[in-house]
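In this note's numbering, the protein residues as written are 505 to 897.
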(Lines of atoms letter the chains of each structure in order from A and count residues from 1; the text may use other names and numbers.)
(Lines give C-alpha, C1' and ligand atoms only; values in the text may rest on other atoms or scores of the structure.)
Protein backbone atom coordinates (compact mmCIF):
# COMPACT_ATOMS: atom_id res chain seq x y z
CA UNK A 1 0.00 0.00 0.00
CA UNK A 2 1.29 3.48 -0.88
CA UNK A 3 1.17 6.42 1.51
CA UNK A 4 2.38 8.94 -1.05
CA UNK A 5 -0.05 11.04 -3.05
CA UNK A 6 -1.13 9.58 -6.43
CA UNK A 7 -1.19 11.48 -9.74
CA UNK A 8 -4.82 12.53 -9.14
CA UNK A 9 -3.98 14.04 -5.75
CA UNK A 10 -5.34 11.27 -3.50
CA UNK A 11 -4.05 9.27 -0.53
CA UNK A 12 -6.27 6.19 -0.77
CA UNK A 13 -9.77 7.69 -0.94
CA UNK A 14 -8.74 11.01 0.65
CA UNK A 15 -7.47 14.21 -0.94
CA UNK A 16 -8.32 15.71 -4.33
CA UNK A 17 -9.13 19.31 -5.16
CA UNK A 18 -12.72 20.30 -4.37
CA UNK A 19 -12.60 23.95 -5.32
CA UNK A 20 -14.79 26.66 -6.84
CA UNK A 21 -14.31 27.20 -10.59
CA UNK A 22 -12.73 30.62 -9.90
CA UNK A 23 -9.81 28.98 -8.06
CA UNK A 24 -9.12 26.35 -10.68
CA UNK A 25 -6.44 28.36 -12.60
CA UNK A 26 -4.45 29.11 -9.39
CA UNK A 27 -4.49 25.55 -8.09
CA UNK A 28 -3.83 24.10 -11.54
CA UNK A 29 -0.81 26.39 -12.05
CA UNK A 30 0.62 25.16 -8.74
CA UNK A 31 -0.13 21.53 -9.52
CA UNK A 32 1.62 21.70 -12.88
CA UNK A 33 4.71 23.50 -11.62
CA UNK A 34 5.40 22.71 -7.94
CA UNK A 35 7.43 19.51 -8.45
CA UNK A 36 9.57 20.84 -11.30
CA UNK A 37 10.32 24.09 -9.39
CA UNK A 38 11.19 22.17 -6.21
CA UNK A 39 13.52 19.99 -8.26
CA UNK A 40 15.52 22.89 -9.74
CA UNK A 41 19.11 22.93 -8.41
CA UNK A 42 18.98 26.68 -7.64
CA UNK A 43 15.70 26.26 -5.73
CA UNK A 44 17.16 23.42 -3.65
CA UNK A 45 20.35 25.38 -2.98
CA UNK A 46 18.46 28.50 -1.82
CA UNK A 47 16.00 26.47 0.29
CA UNK A 48 18.76 24.47 2.01
CA UNK A 49 20.94 27.53 2.59
CA UNK A 50 18.04 29.41 4.26
CA UNK A 51 17.16 26.36 6.40
CA UNK A 52 20.78 26.25 7.57
CA UNK A 53 21.68 29.93 8.04
CA UNK A 54 18.28 31.51 8.75
CA UNK A 55 16.22 28.81 10.47
CA UNK A 56 19.20 27.17 12.22
CA UNK A 57 18.82 23.62 10.92
CA UNK A 58 19.52 20.83 11.50
CA UNK A 59 17.46 20.91 14.69
CA UNK A 60 18.99 18.66 17.38
CA UNK A 61 17.85 15.12 18.10
CA UNK A 62 18.07 15.15 21.88
CA UNK A 63 18.18 12.06 24.13
CA UNK A 64 15.81 12.84 27.02
CA UNK A 65 17.62 10.99 29.82
CA UNK A 66 15.28 11.66 32.74
CA UNK A 67 12.12 11.13 30.69
CA UNK A 68 13.60 7.85 29.39
CA UNK A 69 14.36 6.69 32.94
CA UNK A 70 10.86 7.49 34.10
CA UNK A 71 9.18 5.48 31.29
CA UNK A 72 11.89 2.79 31.03
CA UNK A 73 12.41 3.27 27.27
CA UNK A 74 14.66 5.36 25.03
CA UNK A 75 13.03 8.70 24.27
CA UNK A 76 14.54 11.13 21.76
CA UNK A 77 13.12 14.61 21.10
CA UNK A 78 13.28 16.19 17.66
CA UNK A 79 13.80 19.81 18.67
CA UNK A 80 11.70 21.78 16.16
CA UNK A 81 11.07 24.24 19.02
CA UNK A 82 14.62 25.53 18.47
CA UNK A 83 13.92 26.74 14.91
CA UNK A 84 13.74 30.48 14.21
CA UNK A 85 10.15 31.60 15.05
CA UNK A 86 9.80 28.77 17.58
CA UNK A 87 8.18 25.92 15.65
CA UNK A 88 8.29 23.67 12.58
CA UNK A 89 6.06 26.05 10.57
CA UNK A 90 8.98 28.04 9.11
CA UNK A 91 10.28 25.02 7.13
CA UNK A 92 7.16 25.21 4.96
CA UNK A 93 6.82 29.00 4.70
CA UNK A 94 10.38 29.32 3.40
CA UNK A 95 9.68 26.66 0.77
CA UNK A 96 6.42 28.29 -0.30
CA UNK A 97 7.76 31.88 -0.47
CA UNK A 98 10.57 30.69 -2.78
CA UNK A 99 7.95 28.91 -4.90
CA UNK A 100 5.71 32.02 -4.97
CA UNK A 101 8.63 34.19 -6.12
CA UNK A 102 9.35 31.80 -9.00
CA UNK A 103 5.66 31.92 -9.99
CA UNK A 104 5.88 35.73 -10.10
CA UNK A 105 3.46 36.39 -7.21
CA UNK A 106 3.56 39.83 -5.57
CA UNK A 107 1.23 39.31 -2.61
CA UNK A 108 0.96 36.58 0.05
CA UNK A 109 -2.08 35.57 2.09
CA UNK A 110 -2.24 33.06 4.95
CA UNK A 111 -4.56 31.79 7.66
CA UNK A 112 -3.55 31.13 11.24
CA UNK A 113 -5.03 29.71 14.46
CA UNK A 114 -2.41 29.72 17.20
CA UNK A 115 -0.50 32.37 15.26
CA UNK A 116 2.67 30.30 14.68
CA UNK A 117 2.00 29.89 10.96
CA UNK A 118 1.03 33.57 10.70
CA UNK A 119 4.30 34.57 12.34
CA UNK A 120 6.30 32.21 10.10
CA UNK A 121 4.57 33.61 6.99
CA UNK A 122 5.05 37.24 8.08
CA UNK A 123 8.72 36.40 8.78
CA UNK A 124 9.49 35.09 5.29
CA UNK A 125 7.52 37.96 3.68
CA UNK A 126 9.68 40.44 5.63
CA UNK A 127 12.77 38.50 4.54
CA UNK A 128 11.75 38.74 0.87
CA UNK A 129 10.05 42.17 0.93
CA UNK A 130 6.63 40.85 -0.15
CA UNK A 131 3.20 42.15 0.97
CA UNK A 132 1.57 39.88 3.59
CA UNK A 133 -2.04 39.59 4.79
CA UNK A 134 -2.86 37.10 7.56
CA UNK A 135 -6.44 36.08 8.33
CA UNK A 136 -7.10 35.12 11.94
CA UNK A 137 -10.30 34.43 13.87
CA UNK A 138 -11.35 37.25 16.19
CA UNK A 139 -11.30 34.84 19.17
CA UNK A 140 -7.79 33.60 18.30
CA UNK A 141 -6.58 37.21 17.97
CA UNK A 142 -7.63 37.73 21.58
CA UNK A 143 -6.10 34.52 22.95
CA UNK A 144 -2.81 34.73 21.02
CA UNK A 145 -2.01 38.45 21.45
CA UNK A 146 1.82 38.12 21.51
CA UNK A 147 1.81 36.40 18.12
CA UNK A 148 -0.49 39.09 16.69
CA UNK A 149 2.01 41.73 17.87
CA UNK A 150 4.87 39.81 16.26
CA UNK A 151 3.05 39.64 12.90
CA UNK A 152 2.40 43.38 12.98
CA UNK A 153 6.03 44.13 13.88
CA UNK A 154 7.06 42.02 10.89
CA UNK A 155 4.94 44.24 8.63
CA UNK A 156 1.96 41.95 8.06
CA UNK A 157 -1.63 43.09 8.07
CA UNK A 158 -3.74 40.92 10.41
CA UNK A 159 -7.37 40.76 9.29
CA UNK A 160 -9.94 39.40 11.78
CA UNK A 161 -12.44 36.71 10.69
CA UNK A 162 -15.75 37.80 12.22
CA UNK A 163 -18.03 35.02 10.94
CA UNK A 164 -18.96 31.60 12.38
CA UNK A 165 -17.01 30.56 15.46
CA UNK A 166 -14.37 33.24 14.65
CA UNK A 167 -11.52 30.70 14.86
CA UNK A 168 -9.24 28.85 12.42
CA UNK A 169 -11.78 27.41 9.98
CA UNK A 170 -13.38 30.86 9.58
CA UNK A 171 -9.97 32.47 8.98
CA UNK A 172 -9.38 29.82 6.28
CA UNK A 173 -12.74 30.65 4.66
CA UNK A 174 -11.78 34.36 4.53
CA UNK A 175 -8.38 33.58 3.01
CA UNK A 176 -9.99 31.45 0.29
CA UNK A 177 -12.42 34.31 -0.51
CA UNK A 178 -9.48 36.70 -0.83
CA UNK A 179 -7.70 34.28 -3.19
CA UNK A 180 -10.79 33.98 -5.42
CA UNK A 181 -10.88 37.80 -5.67
CA UNK A 182 -7.12 38.15 -6.36
CA UNK A 183 -6.23 35.15 -8.49
CA UNK A 184 -3.39 36.54 -10.60
CA UNK A 185 -0.90 38.22 -8.23
CA UNK A 186 -1.56 36.32 -4.96
CA UNK A 187 -0.17 33.09 -3.53
CA UNK A 188 -1.94 31.45 -0.58
CA UNK A 189 0.54 29.90 1.86
CA UNK A 190 -1.43 27.13 3.60
CA UNK A 191 0.23 26.16 6.89
CA UNK A 192 -0.99 22.61 7.31
CA UNK A 193 -0.99 19.37 5.31
CA UNK A 194 -4.53 20.18 4.22
CA UNK A 195 -6.29 21.97 1.37
CA UNK A 196 -6.73 21.13 -2.32
CA UNK A 197 -4.05 19.07 -4.09
CA UNK A 198 -1.12 19.85 -4.42
CA UNK A 199 -1.02 21.57 -0.98
CA UNK A 200 -0.98 18.48 1.31
CA UNK A 201 1.86 16.93 -0.72
CA UNK A 202 3.77 20.20 -1.10
CA UNK A 203 3.61 21.06 2.61
CA UNK A 204 4.57 17.47 3.53
CA UNK A 205 7.60 17.60 1.20
CA UNK A 206 8.83 20.88 2.72
CA UNK A 207 8.38 19.45 6.24
CA UNK A 208 10.02 16.11 5.34
CA UNK A 209 13.38 17.68 6.29
CA UNK A 210 12.36 16.63 9.84
CA UNK A 211 12.37 12.86 9.16
CA UNK A 212 15.32 13.19 6.77
CA UNK A 213 17.40 14.60 9.65
CA UNK A 214 16.06 12.05 12.18
CA UNK A 215 17.42 9.22 9.98
CA UNK A 216 21.05 10.40 9.86
CA UNK A 217 20.99 11.74 13.44
CA UNK A 218 19.77 8.40 14.78
CA UNK A 219 22.41 6.60 12.72
CA UNK A 220 25.06 8.73 14.47
CA UNK A 221 23.61 8.13 17.95
CA UNK A 222 22.29 4.56 17.80
CA UNK A 223 23.93 3.04 14.72
CA UNK A 224 20.61 2.65 12.91
CA UNK A 225 18.43 4.97 10.84
CA UNK A 226 14.99 3.74 11.87
CA UNK A 227 13.46 4.23 15.33
CA UNK A 228 10.83 1.81 16.63
CA UNK A 229 8.24 4.59 16.88
CA UNK A 230 7.77 8.16 15.68
CA UNK A 231 5.25 10.24 17.61
CA UNK A 232 3.68 13.61 16.72
CA UNK A 233 0.63 15.67 17.61
CA UNK A 234 -1.97 16.18 14.89
CA UNK A 235 -4.28 19.09 14.07
CA UNK A 236 -4.12 19.60 10.31
CA UNK A 237 -0.90 17.63 10.58
CA UNK A 238 2.16 19.29 9.00
CA UNK A 239 4.65 18.55 11.80
CA UNK A 240 3.37 14.96 11.86
CA UNK A 241 3.56 14.58 8.07
CA UNK A 242 7.18 15.77 8.12
CA UNK A 243 8.07 13.50 11.04
CA UNK A 244 6.55 10.42 9.38
CA UNK A 245 7.49 11.04 5.74
CA UNK A 246 10.69 8.97 5.40
CA UNK A 247 9.24 6.16 7.56
CA UNK A 248 5.85 5.74 5.85
CA UNK A 249 7.01 2.70 3.86
CA UNK A 250 9.25 1.25 6.60
CA UNK A 251 6.84 -1.25 8.24
CA UNK A 252 9.09 -1.79 11.28
CA UNK A 253 8.61 1.87 12.31
CA UNK A 254 5.41 2.40 14.29
CA UNK A 255 3.61 5.66 13.44
CA UNK A 256 1.81 7.26 16.37
CA UNK A 257 -0.54 10.24 15.94
CA UNK A 258 -1.85 12.13 18.95
CA UNK A 259 -4.93 14.31 18.58
CA UNK A 260 -6.78 16.59 20.97
CA UNK A 261 -9.65 15.00 22.92
CA UNK A 262 -10.38 18.35 24.60
CA UNK A 263 -12.70 17.71 27.55
CA UNK A 264 -13.12 14.06 26.46
CA UNK A 265 -13.79 12.29 23.15
CA UNK A 266 -17.54 12.05 23.82
CA UNK A 267 -17.92 15.31 25.73
CA UNK A 268 -19.04 17.37 22.73
CA UNK A 269 -15.91 19.53 23.34
CA UNK A 270 -13.22 17.71 21.40
CA UNK A 271 -11.10 17.66 18.22
CA UNK A 272 -10.61 13.87 18.05
CA UNK A 273 -11.16 13.55 14.31
CA UNK A 274 -9.98 9.93 13.92
CA UNK A 275 -12.60 8.80 16.45
CA UNK A 276 -15.44 11.21 15.59
CA UNK A 277 -14.82 12.09 11.94
CA UNK A 278 -16.73 10.87 8.90
CA UNK A 279 -15.74 11.31 5.27
CA UNK A 280 -16.48 14.84 4.11
CA UNK A 281 -15.02 17.84 2.29
CA UNK A 282 -13.38 20.81 4.03
CA UNK A 283 -11.19 23.58 2.60
CA UNK A 284 -10.76 21.91 -0.76
CA UNK A 285 -10.06 18.27 0.12
CA UNK A 286 -11.93 15.08 0.96
CA UNK A 287 -10.92 13.84 4.39
CA UNK A 288 -12.17 12.79 7.82
CA UNK A 289 -14.25 15.60 9.28
CA UNK A 290 -16.28 16.05 12.46
CA UNK A 291 -19.85 16.71 11.29
CA UNK A 292 -23.49 16.41 12.27
CA UNK A 293 -25.67 13.67 10.70
CA UNK A 294 -26.85 16.19 8.05
CA UNK A 295 -23.27 17.18 7.15
CA UNK A 296 -22.83 20.45 9.06
CA UNK A 297 -19.31 20.90 10.45
CA UNK A 298 -19.13 20.31 14.23
CA UNK A 299 -17.29 23.02 16.17
CA UNK A 300 -14.02 21.54 17.47
CA UNK A 301 -12.57 22.31 20.88
CA UNK A 302 -9.07 22.04 22.35
CA UNK A 303 -7.15 24.02 24.94
CA UNK A 304 -4.51 24.37 22.20
CA UNK A 305 -5.43 26.77 19.39
CA UNK A 306 -3.26 24.82 16.94
CA UNK A 307 -5.15 21.51 17.33
CA UNK A 308 -8.58 23.16 17.38
CA UNK A 309 -9.61 22.03 13.87
CA UNK A 310 -12.59 19.87 12.82
CA UNK A 311 -10.69 17.83 10.22
CA UNK A 312 -7.30 16.27 9.59
CA UNK A 313 -5.04 16.23 6.52
CA UNK A 314 -5.83 13.58 3.87
CA UNK A 315 -2.53 11.72 4.45
CA UNK A 316 -3.46 11.29 8.11
CA UNK A 317 -7.01 10.24 7.26
CA UNK A 318 -5.44 7.51 5.07
CA UNK A 319 -3.03 6.49 7.87
CA UNK A 320 -5.98 6.22 10.28
CA UNK A 321 -8.28 4.30 7.96
CA UNK A 322 -5.59 1.91 6.65
CA UNK A 323 -4.33 1.16 10.17
CA UNK A 324 -0.77 2.26 9.28
CA UNK A 325 -0.98 4.94 11.98
CA UNK A 326 -1.96 4.32 15.59
CA UNK A 327 -4.13 7.20 16.81
CA UNK A 328 -4.42 8.34 20.43
CA UNK A 329 -6.78 11.01 21.77
CA UNK A 330 -5.44 13.08 24.68
CA UNK A 331 -7.51 15.36 26.91
CA UNK A 332 -6.62 18.94 27.85
CA UNK A 333 -5.77 17.79 31.38
CA UNK A 334 -3.44 14.99 30.25
CA UNK A 335 -1.70 17.28 27.74
CA UNK A 336 -1.16 20.08 30.27
CA UNK A 337 0.26 17.66 32.84
CA UNK A 338 2.55 16.09 30.23
CA UNK A 339 3.80 19.58 29.30
CA UNK A 340 4.55 20.43 32.93
CA UNK A 341 6.26 17.07 33.44
CA UNK A 342 8.57 17.63 30.44
CA UNK A 343 9.42 21.07 31.84
CA UNK A 344 10.31 19.64 35.26
CA UNK A 345 12.21 16.58 33.99
CA UNK A 346 14.11 18.08 31.04
CA UNK A 347 14.00 21.86 31.46
CA UNK A 348 12.04 22.31 28.20
CA UNK A 349 8.67 24.11 28.11
CA UNK A 350 6.75 22.73 25.11
CA UNK A 351 3.94 24.31 23.12
CA UNK A 352 0.62 22.91 24.33
CA UNK A 353 0.18 21.31 20.88
CA UNK A 354 3.45 19.37 21.33
CA UNK A 355 2.58 18.51 24.95
CA UNK A 356 -0.24 16.32 23.59
CA UNK A 357 2.36 14.06 21.94
CA UNK A 358 4.16 13.49 25.26
CA UNK A 359 0.95 12.32 26.96
CA UNK A 360 1.17 9.14 24.87
CA UNK A 361 3.94 7.92 27.22
CA UNK A 362 1.23 7.38 29.84
CA UNK A 363 -1.16 5.69 27.39
CA UNK A 364 1.14 3.22 25.63
CA UNK A 365 3.73 0.89 27.16
CA UNK A 366 7.04 0.85 25.31
CA UNK A 367 9.78 -1.78 25.72
CA UNK A 368 13.08 -0.83 27.43
CA UNK A 369 14.99 -1.34 24.17
CA UNK A 370 12.51 0.66 22.03
CA UNK A 371 13.71 3.90 20.45
CA UNK A 372 10.84 6.41 20.51
CA UNK A 373 11.29 9.72 18.67
CA UNK A 374 8.82 12.44 19.67
CA UNK A 375 8.38 15.58 17.56
CA UNK A 376 8.72 18.58 19.87
CA UNK A 377 7.03 20.76 17.27
CA UNK A 378 7.01 24.10 19.08
CA UNK A 379 8.11 25.97 22.16
CA UNK A 380 5.80 27.06 24.95
CA UNK A 381 6.51 30.81 25.09
CA UNK A 382 3.26 31.58 23.25
CA UNK A 383 1.30 29.43 25.75
CA UNK A 384 2.61 30.80 29.05
CA UNK A 385 -0.70 32.53 29.81
CA UNK A 386 -2.53 29.20 29.33
CA UNK A 387 -0.05 27.40 31.59
CA UNK A 388 -0.33 30.19 34.21
CA UNK A 389 -4.15 30.03 34.19
CA UNK A 390 -4.29 26.24 34.21
CA UNK A 391 -1.77 25.57 36.99
CA UNK A 392 -2.51 28.79 38.93
CA UNK A 393 1.20 29.64 38.73
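By construction, the Cβ of each residue, glycine as well, lies at the ideal position given by its N, Cα and C atoms.
- Setting aside the 5 residues that flank it on each side, residue 792 is surrounded in the same chain by 777, 781, 816, 821, each with a C-beta closer than 6 Å to its C-beta; the list follows chain order.
- Boundaries of the beta strand (DSSP E) harbouring residue 792: 789-793, taken from the DSSP string.
- For residue 820, the three-state secondary structure derived from DSSP is helix.
- By the 16-neighbour rule on beta-carbons within 10 angstroms, residue 692 is buried.
- For residue 689, the number of other beta carbons within 10 angstroms of its own is below 16, and it is reported as exposed.
- Note on geometry: alpha-carbon atoms of residue 715 and residue 649 lie some 32 Å from one another.
- With a 10 Å radius around the Cβ and a threshold of 16 neighbouring Cβ atoms, residue 510 comes out exposed.
- In the structure shown, residue 582 falls within a strand segment according to DSSP collapsed to helix, strand and coil.
- Each of 799, 754, 885 was checked against the Cα of residue 505, and the nearest Cα belongs to 754.
- Using a Cβ-Cβ distance cut-off of 8 Å, the segment 868-876 and the segment 763-775 are not in contact, since fewer than three pairs of beta carbons, one from each stretch, lie closer than that value.
- The alpha-carbon separation between residue 619 and residue 684 amounts to approximately 23 Å.
- Using a Cβ distance threshold of 8 Å, residue 876 and residue 762 do not count as a contacting pair.
- Within the model, the alpha-carbon separation for residue 538 versus residue 696 is close to 17 Å.
- For the set 850, 639, 600, 622, the Cα lying nearest the Cα of residue 679 is the one of 639.
- Counting C-beta atoms within 10 angstroms of its own C-beta, residue 861 has 16 or more neighbours from the protein chains shown and is therefore classed as buried.
- Residue range 565-567 is occupied by the beta strand (DSSP E) that includes residue 565, with no alpha helix (DSSP H) assigned at that position.
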